[in-house]
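Undergrad:
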C-alpha cells in the first residue's frame with residue numbers, strides 16, 4: 001500500500017510537470033490521477049483523471065475537449081513510463097496530434113524535443129512516432145538537433161508497401 005501511494009505521488013508529480021510545460025490553454029492548471037479506495041486498506045482501486053484549476057479539482061470525464069483528452073492521454077503515458085520503466089529505451093506514440101490545436105501541437109513537439117535531449121545520454125533510447133502530420137514532423141526536426149530523418153510508408157501502383165528514408169525538412 002505504501003508503494004502504491006509513493007508511485008501515485010511520483011506519477012502525479014511527473015504529470016504536473018509535463019502538463020505545465022505542454023498544455024497551452026488557461027482553463028486547466030494541471031491534471032492528476034486519483035485512486036478511489038486509496039488509504040482504506042483496499043487492494044483494488046478505481047482510477048480517474050482529474051483536472052485542477054485554482055485548487056478546485058473535478059473529474060475530466062465529460063468536462064473537457066477531445067484535444068484535452070488526447071493530450072492528457074499522451075502525458076499520462078509519458079508519466080507512467082517515467083515512473084515504471086525508467087530504463088526502457090523505446091517510446092512509441094501513434095498519431096499524437098489528433099484533435100490538438102496548433103498551439104498544443106507546437107508545445108507537444110517542444111516537450112518531446114526536450115525529452116529527447118534529456119534522454120540523449122541513454123544509449124538505448126528510441127522515439128517512434130506514427131503520424132500523418134508532416135508539419136509536426138517538421139517541428140520536431142526544427143526543434144531537435146537529433147532528428148534528421150524519418151521513414152515514409154506508402155504504396156506503389158501494385159499496392160505493395162514502400163518504405164523510404166527521408167530527411168526532415
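In the UniProt record's numbering, the protein residues as written are 1 to 169. Glycine included, each C-beta is placed from N, C-alpha and C at the ideal position. None of the values given here were measured: they were computed from a predicted structure.
Where does residue 33 sit, in a helix, a strand or coil, going by DSSP?
TA: Counted from its first residue, the chain shown places residue 33 at position 33. If DSSP states are grouped into helix, strand and coil, residue 33 belongs with the strands.
Undergrad: Could you work out which residue in 44, 3, 53 is closest to residue 20 when comparing CA atoms only?
TA: Numbered from its first residue, the chain shown carries residue 20 at position 20. Residue 20 has its Cα closest to that of 53, out of 44, 3, 53.
Undergrad: State the CB to CB distance for the pair residue 33 and residue 83, rounded to an integer number of angstroms; the pair is presumed to be in contact (CB under 8 Å).
TA: By one-based count along the chain shown, residue 33 stands at place 33. By one-based count along the chain shown, residue 83 stands at place 83. 11 Å between Cβ atoms; not a contact.
Undergrad: How would you call residue 46, buried or exposed, if buried means at least 16 neighbouring beta carbons within 10 angstroms?
TA: The residue labelled residue 46 in the question sits at position 46 within the chain shown. Flag for residue 46 reads exposed.
Undergrad: Would you mind stating whether residue 108 and residue 22 have Cβ atoms separated by less than 9 Å?
TA: Along the chain shown, one-based indexing puts residue 108 at 108. Along the chain shown, one-based indexing puts residue 22 at 22. Closer than 9 Å, so yes.
Undergrad: Residue 24: which of 111, 7, 136, 8 sits nearest, CA to CA?
TA: Against the chain shown, residue 24 aligns to sequence position 24. Checking every option, the nearest Cα to that of residue 24 belongs to 111.
Undergrad: In the DSSP output, which residue or residues are listed as bridge partners for residue 50?
TA: As a position in the chain shown, residue 50 is number 50, starting the count at 1. DSSP, once it has assigned bridges, lists 32, 59 as partnering residue 50.
Undergrad: Three or more C-beta pairs closer than 8 Å, one from the region 120-139 and one from the region 89-104: is that the case here?
TA: The region 120-139 is in contact with the region 89-104.
Undergrad: Here's the rule: buried if 16 or more other CB atoms are within 10 angstroms of the residue's CB, otherwise exposed. What is residue 154?
TA: Mapped onto the chain shown, residue 154 falls at position 154. Answer is exposed; the Cβ neighbour count stays below 16.
Undergrad: From 60, 80, 91, pick the residue whose C-alpha is nearest to that of residue 17; which is it?
TA: Translated into positions along the chain shown, residue 17 becomes position 17. Residue 17 has its Cα closest to that of 80, out of 60, 80, 91.
Undergrad: If you measure between the beta carbons of residue 89 and residue 124, is that distance less than 9 Å?
TA: The sequence position of residue 89 within the chain shown is 89, counting from 1. The sequence position of residue 124 within the chain shown is 124, counting from 1. For residue 89 and residue 124, yes; Cβs fall inside 9 Å.
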